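Trainee: The structure's right below; bear with me while I get my questions together.
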Amino acid sequence: MMPDHTKQAQSSILEQTAETTNGDHTAPRPSHSVSNLETGPRRILQRIDLYWLGSTFALLTVLAFLFPLSGDDWAWGSQIGIDRLDAFFENYNGRYVGNLIVLALTRLPLIAPFVVAATFTSILFLILDISKNRTAWGYAITSALLLAMPNLLWNQTISWLSGFVNYALSTLLVLIFARAVQADWLGQLSTSRPKIFRVTAIVSLAFLAAQFMENVTVFFVAASLILLPLQRLALGKVSADAWGWAAGFLAGAIAMFSNEAYQRAFGGDEGYQQVSGIQRAISKLFGPVSQSAIIDNLALNVALASAVILLGTFLARSRGWGKMLVPTILIFAFIAVAFALNRVDALTGLPPSWRKISGIAALLLLAGLFTISGSLSKSRKHLLLACIAAMIMLVGPLAFVDPIGPRLFLVTYAITLVIVNLLFQEVAENIGRTVMSGLAAVAMAVTVGLLCSYFVIYISISAVSADRLSDIRQHVAAGEQQVVVPKLPFPKYVHAPDPTEGVWATRYKLFYHLPPDLTIQLK
């Protein structure tokens with residue numbers, strides 16, 4: 021995630037740490053001055069963008085070549101995937117676009133790593149572009165926090181190809197939608213091309229984007245419909261783009277939820293997907309949903325709390341502690357509870373009636389962010405509140421469905437990173453160049469360290485995976501019907517890493533064209 025590691029490159033980057041896409045952070049400003057979320061045409065790529073994004077793409081491509089196929093990848097890349105396609109996913113799910121993409125990528129091992137790297141790089145760029153913080157320290161902090169996501173979130177959305185297609189691509193599409201709405205609202209869209217072409221492209225993209233993840237589809241429909249009256253009230257008119265997003269998302273949602281799998285789920289039939297009642301939904305919302313969406317994100321929570329506390333401290337000097345005391349106390353309470361619950365056994369060890377404490381911690385965070393928003397510049401305040409609303413709309417539907425897992429929360433992780441960047445920009449405008457240069461250097465070091473650790477881990481995993489398959493093939497060629505092979509190292513970094521007895525062994529043998537009667541034992 022780093023540009024060139026030479027001293028010259030580091031110096032070039034650090035020199036830019038106090039710059040934003042619209043000016044110098046060291047310049048004084050009133051507490052509610054016009055922020056850099058301004059109207060007008062968007063800026064072209066800067067030098068820091070080219071350095072960081074190019075390095076990110078190159079390094080992530082190499083890293084993604086080390087990711088082994090695992091779990092559901094073996095199903096999608098084998099005859100099982102073809103059978104699902106032949107039935108066009110009838111009674112399976114309505115993630116039609118995602119299903120088609122994973123069918124293709126599991127058969128294109130030389131292309132998939134480039135897609136993974138391009139998606140990760142685009143998510144990084146859009147987080148910073150939405151928050152208008154395409155600075156060296158913005159790239160460094162955001163890269164470090166993306167790499168520091170919880171292991172389960174990483175191995176289910178980045179290093180696992182099937183999970184990547186559904187969850188990383190849908191996260192990217194949410195950010196694309198958010199940036200497009202922001203540009204439309206601020207009048208940043210180009211008027212040089214015929215509007216009909218852009219609206220047609222929007223409808224098409226929206227239709228496809230609504231066929232990846234169910235909760236994201238619900239968000240798309242709700243957000244695009246809410247946008248229509250908001251534009252009418254705030255801007256005096258509704259843009260053609262806004263109508264295009266709403267029409268495309270509605271059409272895509274109809275296509276997705278017309279699949280019989282959802283009719284069965286809502287009807288209470290037994291199947292992989294189940295729908296919860298109100299009482300269980302509330303329990304899940306305050307328990308596992310809040311745990312995965314917020315509590316488990318240890319590094320992100322530290323960054324978020326640090327930004328709020330720093331901002332509150334600096335603003336209190338000029339305005340007094342009257343307005344800053346409440347958000348600071350709320351964030352301190354949140355981070356204390358989050359640290360206490362960060363270990364899974366800490367939550368499962370509690371009596372059932374106490375397990376809703378994750379939801380209480382989440383409410384403390386939301387309340388802290390809401391109260392601090394009044395101290396931000398107007399446009400940053402609006403963007404912060406929009407991010408909070410988007411997170412609520414994205415996690416709300418998850419309380420009503422089973423099963424849920426960490427992979428469903430990559431999109432809220434990305435939105436929280438937008439909030440982190442907004443808050444740190446306000447902090448940067450109060451602490452100046454020197455401190456931000458130091459912060460950039462620390463974040464760069466963390467990014468390099470995390471990236472190096474990932475390379476060590478996945479080089480080991482890739483080597484064992486390749487040797488294991490080669491050993492199995494040798495035993496099969498020798499006519500043996502039983503083989504003993506090692507488990508992959510670092511199992512926390514690969515989703516369903518081993519062909520354990522049962523469904524995973526069956527799919528593993530199908531994918532690698534091994535005899536169905538072969539017995540695989542793991543040591």
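Each residue of the sequence shown is one higher than the one before, starting from 21 at the first, in the numbering used here.
Quick reminder that beta carbons are idealized off the backbone N, C-alpha and C, glycines included.
Model, not experiment: these values are computed from the prediction.
With DSSP as the reference, label Leu437 as helix, strand or coil.
Mentor: If DSSP states are grouped into helix, strand and coil, Leu437 belongs with the helices.
Trainee: By the three-class DSSP mapping on this structure, what secondary structure does Thr211 have?
Mentor: DSSP places Thr211 in coil when its eight states are reduced to three.
Trainee: Does any residue of chain D have a CB that is nearer than 7 Å to the CB of Arg127?
Mentor: Considering every chain present, this structure includes no chain D. It has just one protein chain.
Trainee: Tell me, please, which residues DSSP counts as bridged to Gln501.
Mentor: According to DSSP, which records beta bridges pairwise, Gln501 is partnered with nothing at all.
Trainee: What is the DSSP secondary structure of Ile540, reduced to helix, strand or coil?
Mentor: DSSP places Ile540 in strand when its eight states are reduced to three.
Trainee: Quick check: what's the CA-CA separation for Leu270 versus Leu181?
Mentor: One C-alpha to the other measures close to 28 Å.
Trainee: Quick one: what's Val421 bridged to in DSSP?
Mentor: According to DSSP, which records beta bridges pairwise, Val421 is partnered with Val295.
Trainee: Decide if Ser485 is buried, meaning its Cβ has at least 16 other Cβ atoms within 10 Å, or exposed.
Mentor: Buried, by the Cβ-count rule.
Trainee: Using only the alpha-carbon positions, how far apart do Ala325 and Ile147 sit?
Mentor: Approximately 19 Å between the Cα atoms of the pair.
Trainee: Find out if the Cβ-Cβ distance for the pair Tyr112, Ala281 is shorter than 7 Å.
Mentor: Yes. Within cutoff.
Trainee: Does the Cβ of Ser395 have 16 or more other Cβ atoms within 10 Å, making it buried, or fewer, making it exposed?
Mentor: Under this definition Ser395 is a buried residue.
Trainee: Using the C-alpha atoms, what's the distance from Gln99 back to Leu173?
Mentor: Taking the straight line from one Cα to the other gives about 28 Å.
Trainee: According to the neighbour-count rule (16 or more other Cβ atoms, all chains shown, within 10 Å of its Cβ), is Ala497 buried or exposed?
Mentor: Classification of Ala497: exposed, given that the 10 Å Cβ count is below 16.
Trainee: Whether or not the stretch 424-431 and the stretch 300-314 are in contact is what I'm after, with contact meaning three or more pairs of Cβ atoms, one per stretch, closer than 8 Å; do they touch?
Mentor: Yes: at least three Cβ pairs fall under 8 Å.
Trainee: Mapping DSSP to helix, strand and coil, what is Arg488?
Mentor: Reduced to three states, the DSSP call for Arg488 is helix.
Trainee: Assign Ala323 to buried or exposed, taking buried as 16 or more other Cβ atoms, counted over all protein chains shown, within 10 Å of its Cβ.
Mentor: Burial call: buried.
Trainee: In terms of alpha-carbon separation, which member of Ile408, Leu403 and Phe140 lies closest to Gln445?
Mentor: Out of Ile408, Leu403 and Phe140, Leu403 has the C-alpha closest to the C-alpha of Gln445.
Trainee: Taking the C-alpha atoms as reference points, what is the distance between Ser259 and Leu228?
Mentor: Cα to Cα, the separation comes out at about 21 Å.
Trainee: For the alpha helix (DSSP H) containing Arg562, name the first residue and the last one.
Mentor: This structure gives no information on residue 562, because the portion of the chain shown stretches from 21 to 543.
Trainee: For Val346, I'd like the list of residues in its chain whose CB is within less than 7 Å of its CB, leaving aside the five on either flank, ordered along the chain.
Mentor: Cβ neighbours of Val346 beyond the five flanking positions: Thr391.
Trainee: Nearest to Ala387 by CA position, among Val438, Thr348 and Val503, is which residue?
Mentor: Per the Cα distances, Thr348.
Trainee: Cα separation between Gly101 and Ile121?
Mentor: Distance between the alpha carbons of Gly101 and Ile121: 11 Å.
Trainee: Return helix, strand or coil for Lys27, following the three-state DSSP convention.
Mentor: Summary for Lys27: the model assigns pLDDT 41, below 50, so the residue's position carries little reliability, and this model does not support an answer.
Trainee: Take Leu470 and list the residues in its own chain whose beta-carbon comes closer than 7 Å to its own, dropping the five residues that flank it on each side.
Mentor: Same-chain partners within the cutoff: Ala164, Leu167 and Ala168.
Trainee: Using 8 Å for Cβ pairs, my map puts Leu331 next to Val455. What's the rounded Cβ distance?
Mentor: Wrong, their Cβ atoms sit about 13 Å apart, outside the cutoff.
Trainee: Where Ile143 and Asp537 are concerned, what is the direct C-alpha to C-alpha distance, given to the nearest angstrom?
Mentor: Between Ile143 and Asp537, the C-alpha separation is close to 44 Å.
Trainee: Can you tell me whether DSSP reads Ala168 as helix, strand or coil?
Mentor: Ala168: coil per DSSP, three-state reduction.
Trainee: Alpha carbon to alpha carbon, how far is Val82 from Gln502? Give it in angstroms, no decimals.
Mentor: Roughly 34 Å between the two C-alpha positions.
Trainee: Flag this pair as yes or no: are the beta carbons of Asp439 and Cys407 separated by less than 7 Å?
Mentor: The question names Asp, but residue 439 in the sequence shown is Ile. Against a cut-off of 7 Å, the Cβ pair of Cys407 and Ile439 comes out as a contact.
Trainee: Tell me the residue span of the alpha helix (DSSP H) that contains His402.
Mentor: From DSSP, the alpha helix (DSSP H) with His402 extends over Lys398 to Val415.
Trainee: Beta-carbon within less than 6 Å of Ser55's beta-carbon, same chain only, minus the 5 sequence neighbours each way: which residues are those?
Mentor: A caution first: Ser55 carries a pLDDT of 38, below 50, which makes its placement in the model too unreliable to give a value.
Trainee: Could you have a look at Asp204 and say whether DSSP puts it in helix, strand or coil?
Mentor: In the structure shown, Asp204 sits in a helix (DSSP, three-state: H, G or I).
Trainee: Between the Cα of Thr71 and those of Thr155, Arg115 and Trp94, spot the shortest distance and give me the residue it belongs to.
Mentor: Correcting the residue type first, residue 71 is Tyr in the shown sequence and not Thr. Taking only the C-alpha atoms, the option nearest Tyr71 is Thr155.
Trainee: Rounded to whole angstroms, what is the Cα-Cα separation between Gly118 and Phe134?
Mentor: For Gly118 and Phe134, the distance between alpha carbons rounds to 17 Å.
Trainee: For the stretch 202-211 and the stretch 86-98, state whether three or more C-beta atom pairs, one from each stretch, are separated by less than 8 Å.
Mentor: No, because fewer than three Cβ pairs between the stretch 202-211 and the stretch 86-98 fall closer than 8 Å, the two stretches do not touch.
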